[in-house]
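Taken in sequence, the protein lines are chains E and A. Following the working numbering, the numbering of the first sequence begins with 1 at its first residue and continues without gaps. Following the working numbering, the numbering of the second sequence begins with 1001 at its first residue and continues without gaps. Presented below is the structure to which this report refers.
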Amino acid sequence: MRTKGWQKVFTFTLIQHIKTKSFIVGTIIVAVIIAAICVLTNILPVLIADEENGGVSNGETENLLADFDAVYIYDDANIFAADDTAQLGSEMSLADTDKSYDELVKELETSESVRAAARITAMVGEDNAVIGYDVRTYYTSAAGGDAVDTLNAVLGEMINRRVLLNAGVAPENYASTRVSISTSRIEAGSKELNFIQSALNYFVPIVVSLVLFMLIFSYGGTVAQSIATEKTSRVMELLLTSVRPLAVVIGKVLAMGVVSFGQFAIMGIVGFASFAISAPFGMLGKAMDIANDPAIQEALANASQGAGGVQSSEMEIAAAMNELLAGFSPLNILLIIVIFLLGFVFFSLIAALVGASISRMEDLQQAMMPYSLTGVLGMYLAYMPVFGNIDSLDTGMATTNPVQIFSYFFPVSSPFALPSAIMLGTLELWQSVIAVAVLAAAVILVAVIVSKVYEAIILHNGNRIKFGDILKMAVRK
Amino acid sequence: MGLSVSNIVKKYGEYTAVDNLTFEMNSPGVFALLGTNGAGKTTSIRIILGMLAAESGEVRWDGNSFLAAEKPIGYLAEERGLYPKIKIMDQLVYFCTLKGMRRQDALKALDYWFERLSVAEHRNKRAEQLSKGNQQKIQLIAALAPNPELIILDEPLSGLDPVNAELFKGVIREEIKKNKYIIMSSHQMTTIEEFCRDIVIMNKGKTVLQGNLNAIKKGYGRVKLTVKAEGNISPLAAECGLVASEETPNGSSYNVQNEEQAHKLLHMIIDRKIPLIRYELREPTLNEIFIEKAGGGNED
């Protein structure tokens, strides 16, 4: 009977909230931002790659070196043979000058033409032996940075080539000395992930914990605000002639939970739709094409069955896509929804107590302090272990530290940390179930405290009731 | 039958806010719950409404215990409260449906009350756009629209201009005619005298006077004498053992022991041929009784 009538409070709170301008405008803005982020993260990498590789794909050789009106090379190290610079001259406008390097650099300061002056000096060790070379290139403001980088890279390659030839390598064998070497380090016992999977493991928890924090924490704050407004404006006194205080809390918390979850769902749907619509033109479409390629899937299956070997980039993409899609299983989605709602109820009930504990709106901010500290602590526990582990991007593996594991089972942080862990398969199913059970137990505990003290504090007028007093009151009862 | 409040005790720590309050409303009409600020009226009302739990005692309706949440009670709180940013119509429909009304019935009842209290043009405005008086009318509508049998009005006329005060009084008279049980708390004793049949006066949580208002007054007898004459009557009053309790342009007021004492003074004035302008011997007003009984109250 203490909860009779909560449905009416729920309906009224829900309808009145979604009718407010701030909610409508806020939802539209958030949806637009989400759509823009999703479309841009999908399409931008492809656009950038197309721009960078545009010449190659069109069969045109874009030679940045040809952009130069004049390039001056000061070979102070005397490394180049005559035919080396002649070879360079076929790619760009090599120029001679009588000016010293410093004079030329001074001249370039005011020059409007596309020019660069590169000076090569030898670096010597203690016994006067050459241990390296330094290439320093000054260029005019009209010259593009990319062209100068290309010039430096070409000069570096030419120096390497000359060093090897001087050391006796035959010119026809030079190409075979240039091999690409990939290295990685994997801690024994940890899960081996490719770079794309590591990136997902790094960025998804960060983004998800921040989004969940914003939704759960801010809407919990709205519950406190709403109850405080009803109490301080004396509407509560009128409501309590019809329903019990617990019915008001339940109706309000659930209504704001639906609003919050609805906004969460809208963000998800808008994000999914934006990705889906932009997929054919972006990274996702290419990744899906790769993931759906039977040959790549077969190669992946062979690799997982012990064939081993280094994965190609296509296989890395396909493996990451497989893992991501597996993370969206119906069971995982159900668990994530349950965690979201439990987390929301947990924080909202605390917020409801805070809202009921004040008699003047100006006390609300101070009264919210314990609630805010709890929420921020939870968010940081979920966020910082992942954020601080940027090394995982390089090491190619998902490492978990004790704080991160703690955050999955601690009710204050688990609403922000668990969903992404479940989505990415960081936790086994039984671990997830235990974490959800711990969170549910915490929600029950808070609900018991609320049911014991809420009716007493909602009609209290006067000084703010401190959080410690509320807990003492609950223990006494 | 009706409302029965028995031996209600409510404590806040060591402080007893309500000490053994008992009264009955056996028939429809207006019952006054009086007391100074902090006497325990609002606490008593909250206990009757079921908002607060009492340490002991019980509240019954037709012999059965009840909660406000289960029975529609119309309540006009002393400290008014409306949602400032929500349309009047939306919040009144909400309040009515919380009382168990169907939406259609609520809309019909609200139409009547908007017209009755002359606020129909405000139904789609937000509460913050209304004057204080109009907000008070909306609160009265919230209390009366569900057509409750029991109505509690806490300071119903405070802050109203004379025109709107008369409008409210008219509505209260109509509710009395509809055989409603009304508990009224007010510091305006003339209003209480105008409407109330039975009263309870509380002081520091305790009941200091209780019963039918007319019977209480009769119990005091005609002990309030006011005399105005064209000469000094103080020596004559002193001869009769009377000392003026108040001197005003309307005359001198005395508290007499009995009617004979007053008549004696009248005879002396006539015998001395002092022109008499006013001679009034009456029962004490409720205001005078209240000050006598609740004068020791304190503020909360």
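Glycine residues also receive a C-beta, built at the ideal position from the N, C-alpha and C atoms. All values reported here derive from a predicted model rather than from experimental measurement.
Of the listed residues the options, nearest to residue i (C-alpha basis)
| i | options | result |
| --- | --- | --- |
| Ala142/E | Ala301/E, Ser111/E, Tyr133/E, Asn128/E | Ser111/E |
| Ala294/E | Tyr219/E, Val46/E, Asn322/E | In the sequence as displayed, the identity of residue 294/E is Pro instead of Ala. For the residues Tyr219/E, Val46/E, Asn322/E, the minimum Cα distance to Pro294/E belongs to Asn322/E. |
| Gly1211/A | Val1223/A, Cys1196/A, Lys1224/A | Cys1196/A |
| Ala299/E | Ala319/E, Asp289/E, Leu246/E, Pro280/E | Ala319/E |
| Val1227/A | Thr1022/A, Asp1062/A, Ile1277/A | Ile1277/A |
| Lys1132/A | Ala1165/A, Leu1110/A, Ala1106/A | Ala1165/A |
| Pro1235/A | Ile1269/A, Asn1203/A, Pro1249/A, Val1208/A | Ile1269/A |
| Lys1011/A | Thr1036/A, Thr1043/A, Ser1027/A | Thr1043/A |
| Glu486/E | Glu103/E, Ile79/E, Leu65/E | Beyond the ends of chain E as shown, which are 1 and 477, falls residue 486/E; an answer cannot be given. |
| Glu1230/A | Glu1292/A, Asn1124/A, Ala1039/A, Lys1273/A | Lys1273/A |
| Pro415/E | Phe344/E, Tyr74/E, Ala199/E | Phe344/E |
| Ser1253/A | Lys1224/A, His1267/A, Glu1260/A, Glu1239/A | Lys1224/A |
| Phe409/E | Leu40/E, Gln263/E, Phe387/E, Ile339/E | Ile339/E |
| Tyr199/E | Glu316/E, Lys8/E, Tyr380/E | Tyr is not the amino acid found at residue 199/E; the sequence shown has Ala there. Looking at the Cα atoms, Glu316/E is the closest of the given residues. |
| Val453/E | Lys472/E, Ser372/E, Ala435/E, Ile444/E | Lys472/E |
Secondary structure of residue i, DSSP reduced to three states
| i | result |
| --- | --- |
| Arg1046/A | helix |
| Leu64/E | helix |
| Phe346/E | helix |
| Asp1105/A | helix |
| Ala122/E | strand |
| Arg178/E | coil |
| Asp478/E | No statement about residue 478/E is possible, as the shown extent of chain E runs from 1 to 477 and does not include it. |
| Ile196/E | helix |
| Leu1167/A | helix |
| Ala232/E | First, the amino acid is wrong: residue 232/E is Thr here, not Ala. Correct three-state label for Thr232/E: helix. |
| Ala299/E | helix |
Residue i - containing beta strand (DSSP E), residue span
| i | result |
| --- | --- |
| Thr1226/A | 1224-1229 |
| Gly132/E | 130-139 |
| Gly1057/A | 1056-1061 |
Inter-residue spacing [alpha-carbon to alpha-carbon] between residue i and residue j
| i | j | result |
| --- | --- | --- |
| Phe10/E | Lys286/E | 45 Å |
| Ile1073/A | Lys1177/A | 18 Å |
| Ile557/E | Leu47/E | A question about residue 557/E goes unanswered here, because the residues of chain E that appear run from 1 up to 477. |
| Leu284/E | Gln431/E | 31 Å |
| His460/E | Lys1099/A | 24 Å |
| Gly1029/A | Tyr1279/A | 34 Å |
| Thr222/E | Leu439/E | 22 Å |
| Gln16/E | Leu1286/A | 47 Å |
| Gly1081/A | Glu1055/A | 28 Å |
| Gly1219/A | Asn1232/A | 32 Å |
| Met1184/A | Ile1151/A | 8 Å |
| Val446/E | Ile336/E | 21 Å |
| Leu88/E | Ser176/E | 21 Å |
| Gly468/E | Phe387/E | 33 Å |
| Leu413/E | Leu1117/A | At residue 413/E the sequence reads Ser, which differs from the Leu that was named. Near 54 Å, if we compare the C-alpha coordinates of Leu1117/A and Ser413/E. |
| Glu362/E | Glu1079/A | 19 Å |
| Phe1023/A | Leu1140/A | 25 Å |
| Leu325/E | Ala1127/A | 51 Å |
Delimiting residues of the alpha helix (DSSP H) encompassing residue i
| i | result |
| --- | --- |
| Gly1035/A | Counting along the chain, Gly1035/A falls outside any alpha helix (DSSP H), though it belongs to the beta strand (DSSP E) covering 1029-1035. |
| Gln1210/A | That residue, Gln1210/A, is in no alpha helix (DSSP H); its beta strand (DSSP E) goes 1206-1212. |
| Leu1082/A | Neither: Leu1082/A is in no alpha helix (DSSP H) and is coded neither H nor E. |
| Lys286/E | 283-291 |
| Asn1141/A | Inspection of the sequence shows that residue 1141/A is occupied by Ile rather than by Asn. Unbroken alpha helix (DSSP H) run through Ile1141/A: 1132-1144. |
| Thr183/E | Element bounds for Thr183/E: n/a, residue is neither H nor E. |
| Leu94/E | Element bounds for Leu94/E: n/a, residue is neither H nor E. |
| Phe387/E | 369-387 |
| Thr1191/A | 1189-1195 |
| Gly1323/A | Lying outside 1001 to 1300, the shown extent of chain A, residue 1323/A is not represented and no answer is given. |
| Gly13/E | Looking at the sequence itself, residue 13/E is Thr, so the reference to Gly does not match. From DSSP, the alpha helix (DSSP H) with Thr13/E extends over 6-19. |
Heavy atom of the ligand MG within 7 Å of residue i beta-carbon
| i | result |
| --- | --- |
| Asn1179/A | Annotation note on the ligand MG: not contained in the displayed structure, which lists no ligands. |
Residue i at chain C interface by Cβ criterion, 8 Å
| i | result |
| --- | --- |
| Arg1222/A | This model lacks chain C altogether, as its protein chains are E and A. |
| Which residues, taken in chain order from the stretch 369-380 of chain E, show a beta carbon closer than 7 Å to some beta carbon of chain A? | Result list empty, no residue passes.
| task | May I ask you to list, following chain order, the residues of the stretch 1-16 of chain E that have a beta carbon less than 7 Å from some beta carbon of chain A? | result | Of all residues in the stretch 1-16 of chain E, those with a C-beta nearer than 7 Å to a C-beta of chain A are Lys4, Gly5, Lys8, Phe12, Gln16, reading in chain order.
| message | By the 9 Å beta-carbon criterion, what residues does the stretch 1027-1040 of chain A contribute toward chain E? | response | For the stretch 1027-1040 of chain A, which is checked against every Cβ of chain E, not one residue is closer than 9 Å.
| query | Between the stretch 1057-1082 of chain A and chain E, which residues of the former have a C-beta closer than 7 Å to a C-beta of the latter? | reply | Against chain E - using a Cβ distance shorter than 7 Å - the residues of the stretch 1057-1082 of chain A are Ala1068, Ala1069, Ile1073, Tyr1075, Ala1077, Glu1079, Arg1080, Gly1081, Leu1082.
| query | Of the residues that make up the stretch 1097-1115 of chain A, which ones have a beta carbon closer than 7 Å to any beta carbon in chain E? | reply | For the stretch 1097-1115 of chain A, residues whose beta-carbon sits nearer than 7 Å to a beta-carbon of chain E comprise Thr1097, Leu1098, Lys1099.
| Taking any Cβ of chain E, which residues in the stretch 1174-1187 of chain A have a Cβ under 7 Å from it, in chain order? | Taking 7 Å as the Cβ-Cβ cut-off, the stretch 1174-1187 of chain A has no residue approaching chain E.
| request: Give, in chain order, every residue of the stretch 264-294 of chain E whose Cβ lies closer than 8 Å to some Cβ of chain A. | output: Look at the stretch 264-294 of chain E: it has no residue with a C-beta under 8 Å from a C-beta of chain A.
| request: Residues of the stretch 233-244 of chain E with a CB closer than 9 Å to any CB of chain A: list them in chain order, please. | output: Listed by position along the chain: Ser233, Arg234, Val235, Met236, Glu237, Leu238, Leu239, Leu240, Thr241, Ser242, Val243, Arg244.
| request: Please list the residues of the stretch 1136-1159 of chain A that have a C-beta atom closer than 8 Å to any C-beta atom in chain E, keeping them in chain order. | output: Listed by position along the chain: Gln1139, Ala1142.
| request: Could you run through the stretch 437-459 of chain E and flag, in chain order, every residue whose CB is less than 7 Å away from some CB of chain A? | output: Listed by position along the chain: Leu459.
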